[in-house]
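Each residue of the sequence shown is one higher than the last, beginning at 371 in our numbering. Right, one structure below, let's go through it.
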Amino acid sequence: MLDESVATAQRCFTTKAKTKALAWAKKIGDR
């Protein structure tokens with residue numbers, strides 16, 4: 371699931387998308 375998020379962010383290649391994906395991954399990791 372996490373890899374998919376990173377892949378999506380890379381595919382979009384958008385700073386906003388990357389930041390959002392990182393924040394999402396951090397939220398899941400924190401949980």
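Ideal placement from N, C-alpha and C gives every residue a C-beta, glycine not left out.
How is the alpha helix (DSSP H) around residue 389 delimited, first residue to last? Taken as a continuous stretch (DSSP letters only), the alpha helix (DSSP H) holding residue 389 covers 385-400.
Residue 379 classed as buried or exposed, judged by whether at least 16 other C-beta atoms fall within 10 angstroms: Label assigned to residue 379: buried.
What's the call for residue 377, buried or exposed, on a 16-neighbour Cβ count within 10 Å? By the 16-neighbour rule on beta-carbons within 10 angstroms, residue 377 is exposed.
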